[in-house]
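**Student:**
In our numbering, the protein residues as written are 11 to 152.
#1: Which residues in the same chain as residue 123 place their Cβ atom closer than 6 Å to its Cβ, once the five residues preceding and following it in sequence are excluded?
#2: Since residue 132 and residue 26 are thought to touch, with beta carbons under 8 Å apart, how far apart are those beta carbons, to the nearest angstrom?
#3: Are residue 36 and residue 63 close, meaning C-beta to C-beta below 9 Å?
#4: Would you give the residue range spanned by the beta strand (DSSP E) that residue 114 belongs to?
#5: Nearest CA to the CA of residue 22: which residue from 44, 67 and 56?
#6: Between the Cα of residue 43 and the Cα atoms of 67, 34, 60 and 84, which residue gives the shortest distance?
#7: Hey, could you find the ends of the alpha helix (DSSP H) residue 59 is sitting in?
#8: Considering only C-alpha positions, which residue in the set 17, 46, 24 and 45 is nearest to residue 32?
#9: Closer than 6 Å by C-beta to residue 19: which residues in its own chain qualify, once you throw out the five before and the five after it? Chain order, please.
#10: Mapping the DSSP letters down to three states, classify residue 77 as helix, strand or coil.
#11: Could you check what DSSP says for residue 27 in three-state terms: helix, strand or coil?
#12: Name the two residues that bound the continuous alpha helix (DSSP H) containing residue 37.
#13: Which residue wins for smallest C-alpha separation from residue 98, given the options 111, 30 and 116?
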C-alpha cells in the first residue's frame, strides 16, 4: 500500500507516520490525506514532529470537518510520542483539537517503542465495535 507522499509515510502500514504541513502546504497535505483515505483501509496515525501550522488554521480545519465521517471510518487512532511528561497534556489537547471532532481517538505515549504494541489494539477495538454494530443492525431487521 505504500505510496509516495511528502506528509504520510505508509511504509509500515497500517501505521502511518504523519508530518504536518507548513502554512503554505496545507492544500497539498489535504490532497495527500484524501489519497490515503481513498484506499478505504483502517490505519493508525503516528504524529511525527510538532504542527507547523496552528490547529485553528482554516484550510486544515475545513478539510477535517468535511472529511469527518470518512476519517472516522479509516483512522482508528492518532498516537503522539511525547517523552516529556510535563508536555503530554498539551500534546493531547492539540491532538484532540485537530482530530477529536472527527471522532479519532488520541493517545499520547512516552516512547516510540509503544507504537507497535498499541496500534494493533486500536485496530482490533475498532473492528470489534464495527462487528457489534453490524450484529445490532441484523438483529433489528429480523
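Just so you know, even glycine gets a beta-carbon here, dropped at the ideal spot from N, CA and C.
**Tutor:** Taking the structure as given:
#1: none
#2: Not a contact, Cβ separation roughly 12 Å.
#3: yes
#4: Per DSSP, residue 114 belongs to no beta strand (DSSP E) and is neither H nor E.
#5: 56
#6: 84
#7: From DSSP, residue 59 is part of no alpha helix (DSSP H); its letter is neither H nor E.
#8: 17
#9: 27
#10: coil
#11: strand
#12: 36–47
#13: 116
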